[in-house]
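Working notes, structure below.
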Amino acid sequence: MQPIATATLGRYPAVVPLHTTTGALRWLSLAAPLFLLLGVVAAACGDGDTGPHSDGDTASTIRVVTTVSPIRNIIENVGGDRVSVTAIVPEGTNSHTFEPAPSVAQDIARADLIVANGLNLELPALEIAEANRRDGVEIVLLGEATVTPEEYVYDFSFPRDGGDPNPHLWTDPILAGEYAAHVRDALTRLDPDNASYYAGNTDAFVARLQALDVAIREAVATVPEAQRVLLTYHDSFPYFAPRYGFTIIGAIQPSDFSEPSPREVAELITQIRASGAPAIFGSEVFPSEVLDTIARVAGGGQVATLRDDDLPGERGDPENTYLAMMVENVRTIVTSLGGDASALDGFDVSYSWIPFEEYAGG
Numbered sequence: 007m008q009p010i011a012t013a014t015l016g017r018y019p020a021v022v023p024l025h026t027t028t029g030a031l032r033w034l035s036l037a038a039p040l041f042l043l044l045g046v047v048a049a050a051c052g053d054g055d056t057g058p059h060s061d062g063d064t065a066s067t068i069r070v071v072t073t074v075s076p077i078r079n080i081i082e083n084v085g086g087d088r089v090s091v092t093a094i095v096p097e098g099t100n101s102h103t104f105e106p107a108p109s110v111a112q113d114i115a116r117a118d119l120i121v122a123n124g125l126n127l128e129l130p131a132l133e134i135a136e137a138n139r140r141d142g143v144e145i146v147l148l149g150e151a152t153v154t155p156e157e158y159v160y161d162f163s164f165p166r167d168g169g170d171p172n173p174h175l176w177t178d179p180i181l182a183g184e185y186a187a188h189v190r191d192a193l194t195r196l197d198p199d200n201a202s203y204y205a206g207n208t209d210a211f212v213a214r215l216q217a218l219d220v221a222i223r224e225a226v227a228t229v230p231e232a233q234r235v236l237l238t239y240h241d242s243f244p245y246f247a248p249r250y251g252f253t254i255i256g257a258i259q260p261s262d263f264s265e266p267s268p269r270e271v272a273e274l275i276t277q278i279r280a281s282g283a284p285a286i287f288g289s290e291v292f293p294s295e296v297l298d299t300i301a302r303v304a305g306g307g308q309v310a311t312l313r314d315d316d317l318p319g320e321r322g323d324p325e326n327t328y329l330a331m332m333v334e335n336v337r338t339i340v341t342s343l344g345g346d347a348s349a350l351d352g353f354d355v356s357y358s359w360i361p362f363e364e365y366a367g368g
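Sequential numbering of the sequence shown, starting at 7, is according to my numbering.
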């Protein structure tokens, strides 16, 4: 495996290996010359300044480009109104196989900071970022900064022999807090004069995550132990599950993101019957007709939908937040498995950052 990018993560380098799907590789081979050309043009037109910039008479803001919406929202909670964040993977899109449009290169060429999950989740986007970022613009890979290779999870959808660890760290609220800390550090390196603003926002967001952790544990405790099993369509909860006492018995979607074969469906039905799982969980991003078939043949278990890349509502809505996504997910899991999710009632899912003017005036 050949490295394609080295991203500075504080004191630590993170090397991203070039490993992706056949379709993405084919697309990259065709598109790479275009993006390299765009990168040259952007470098020639840029002013070389990688610090905060001003847009007309507005306050100086930091342009951040990221990939998926949950990470976008984490960045917004840390950066507040000091940052303008663009997520290049549209809501409801498979981030594993997403192929960015050429216009993405323009967003990257204007960025002051690039933040990605890493762990081989968004390789086409990282290829474009390398080709089009301005000199000195940092690429922060949150996954590599948060867990060591010894802590990587390999599972049904992300087998060890495939070479890619499961990248869905952010569905664990405690690890999401570590993501926020790495974002704080990156913004502080870029804008040290306002380090205390980013630190305060991070503290507020992490406090909310810790409160969510307590509420999740209280809700999960109401699920009968024998029913704390997860069978999901997309394997998005491998870091969440052990933290809260769930056992993952399988994933329906194969590692190549296709539909399961008849043999695999039969094996899954056997697993469901053996485990007594009262529900199986689909994905907002991966609708699949096979879910209802599996549930019906396995004995009538219900199908419930979970989110991982996709936030509730539309951007700008109060519920379009990471916290709202996790509250919705946990409520769905707990109630579908026979528990009581009332511990989550009234949980504040809104943004936690304070306006910069309020901070500066204080």
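All C-beta atoms, glycine included, are put in the ideal place defined by N, C-alpha and C.
This one's a predicted model, so the numbers in the text were calculated from it and none came from an experiment.
Beta-carbon proximity of residue i to residue j, cut-off 9 Å
i: P244; j: N172; result: yes
i: D118; j: I94; result: no
i: L274; j: L237; result: yes
i: S163; j: D315; result: no
i: T369; j: A210; result: Outside the displayed range of the chain (7 to 368) lies residue 369, so it cannot be described from this structure.
i: L297; j: G288; result: yes
i: L175; j: L125; result: yes
i: N79; j: A111; result: no
i: S281; j: V235; result: yes
i: A283; j: Q233; result: yes
i: A187; j: E144; result: no
i: A221; j: F353; result: yes
i: Y357; j: S202; result: no
Span of the beta strand (DSSP E), counted from its first residue to its last, around residue i
i: R69; result: 68–72
i: V84; result: Element bounds for V84: not the beta strand (DSSP E) but the alpha helix (DSSP H), 75–85.
i: S289; result: 285–289
i: I258; result: Note, I258: premise wrong, no beta strand (DSSP E); not H, not E.
Cut-off 8 Å between Cβ atoms - residues of its own chain near residue i, not counting five sequence neighbours on either side
i: A30; result: Here the model assigns A30 a pLDDT of 38, short of 50, so the residue's position is not dependable and the matter cannot be decided.
i: A257; result: D161, F162, S163, L237, T238, Y239, H240, D241
i: V355; result: P324, E325, T327, L329, A330, V333
i: P361; result: G86, D87
i: R337; result: A225, A347, L350
i: V159; result: P171, N172, P244, Y245
i: T152; result: L175, L181, E184, Y185, H188
Straight-line gap, residue i to residue j (C-alpha atoms, nearest Å)
i: D170; j: N123; result: 13 Å
i: I424; j: A217; result: There is no way to answer for residue 424, as the model of the chain reaches only from 7 to 368.
i: Y185; j: V229; result: 29 Å
i: T28; j: Y328; result: Confidence at T28 is low in this model, with a pLDDT of 34, below 50, so its placement is unreliable and no value can be given for it.
i: V91; j: A301; result: 40 Å
i: E150; j: E82; result: 21 Å
i: R69; j: R116; result: 7 Å
i: P179; j: S242; result: 13 Å
i: E325; j: D351; result: 14 Å
i: S294; j: P248; result: 26 Å
i: R313; j: E290; result: 5 Å
i: E320; j: R140; result: 31 Å
i: A349; j: V333; result: 10 Å
i: T341; j: R279; result: 20 Å
i: I77; j: T299; result: 33 Å
i: F246; j: L148; result: 17 Å
i: D167; j: E363; result: 51 Å
i: S267; j: T311; result: 21 Å
i: G367; j: G183; result: 27 Å
i: W359; j: E97; result: 23 Å
i: F252; j: E157; result: 18 Å
i: L127; j: E270; result: 25 Å
i: T154; j: T73; result: 22 Å
Endpoints, the alpha helix (DSSP H) within which residue i is located
i: G367; result: 362–367
i: L119; result: Note, L119: premise wrong, no alpha helix (DSSP H); beta strand (DSSP E) at 119–122.
i: L148; result: 148–152
i: S109; result: Here S109 belongs to no alpha helix (DSSP H), and DSSP marks it neither H nor E.
i: T92; result: Run containing T92: none in the alpha helix (DSSP H); it sits in the beta strand (DSSP E), 89–93.
i: T208; result: 201–226
i: V296; result: 296–304
i: V271; result: 268–281
i: V189; result: 179–196
i: L237; result: No alpha helix (DSSP H) contains L237, which is instead part of the beta strand (DSSP E) from 235–238.
i: R337; result: 328–342
i: N138; result: 129–138
Same chain only: Cβ atoms within 6 Å of residue i, ignoring 5 sequence neighbours per side
i: S109; result: none
i: V71; result: T92, D113, I114, A117, I120
i: Q277; result: I255, G256
Own chain partners of residue i with C-beta closer than 7 Å, once the 5 adjacent residues on each side are dropped
i: R190; result: V84, Y204, A205, T208
i: N200; result: R88
i: E265; result: S294, V296
i: T177; result: S242, F243, Y245, F246, D314
i: Y250; result: I222, R223, V226
i: P318; result: E325, N326, A330, M331, E334
i: I286; result: L237, I278, L297, I300, A301, G307, V309
i: V303; result: I275
Any non-hydrogen atom of the ligand MG within 8 Å of residue i CB
i: V91; result: In the structure shown, the ligand MG is absent, as is every other ligand, since no ligand is present at all.
Residue-chain proximity (residue i, chain B), Cβ-Cβ < 9 Å
i: N126; result: Here chain B cannot be found, since the structure has a single protein chain.
| query | Does the region 344–361 touch the region 222–232, meaning 3 or more C-beta pairs lie closer than 8 Å? | reply | yes
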